[in-house]
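When we follow the UniProt record's numbering, the leftmost residue of the sequence shown carries the number 1, and every step to the right adds one. Here a beta-carbon is modelled for each residue, glycine too, at the ideal position from N, C-alpha and C. None of the values given here were measured: they were computed from a predicted structure. Everything below concerns the one structure shown next.
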Amino acid sequence: MVKNPFFNLFGGMTQWLYQRFSAFCLYFFIGYLIFNWVQIDHLDYQAWKNFFQSVIHRSIISVLFLITFFHGWIGVQHVIDDYIKNKWMNQAIYLILLFSMVVQIIFLFLFLLDI
């Protein structure tokens, strides 16, 4: 396993607990969203637009995405550390992953600002 102090900010047990806690939070956030989508009588463009115009729903979706990024980062980090032994390949995959998450977070904030 390639040891990288920059990406291993916490020990294995702490990361395991963060992974479980973020999965638990995702479970309830997704349940909340499904519950609200089931409550909409007629799903059309206007209903979706009204749903996403609500500040509370935008906030919940933002938290959902941020927790998803955190959860995904920890999971992919363990897969990369366990299965990719080449240090160059390891770092390249980390950089690609980091770049893609930054781009997704930028698009998330553009969504929040309604641009």
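If you draw a straight line from the alpha carbon of Ser-22 to that of Asp-44, how long is it in whole angstroms?
32 angstroms
Check your understanding: Arg-20 to Ile-96, Cα distance in whole Å?
Key -> 25 angstroms
Does the count of Cβ pairs from the region 100-111 and the region 60-77 closer than 8 angstroms reach three? yes
CB Gln-15 to CB Ile-74, shorter than 9 angstroms? yes
| field | CA-to-CA distance, Val-76 to Met-89, given in whole angstroms | value | 14 angstroms
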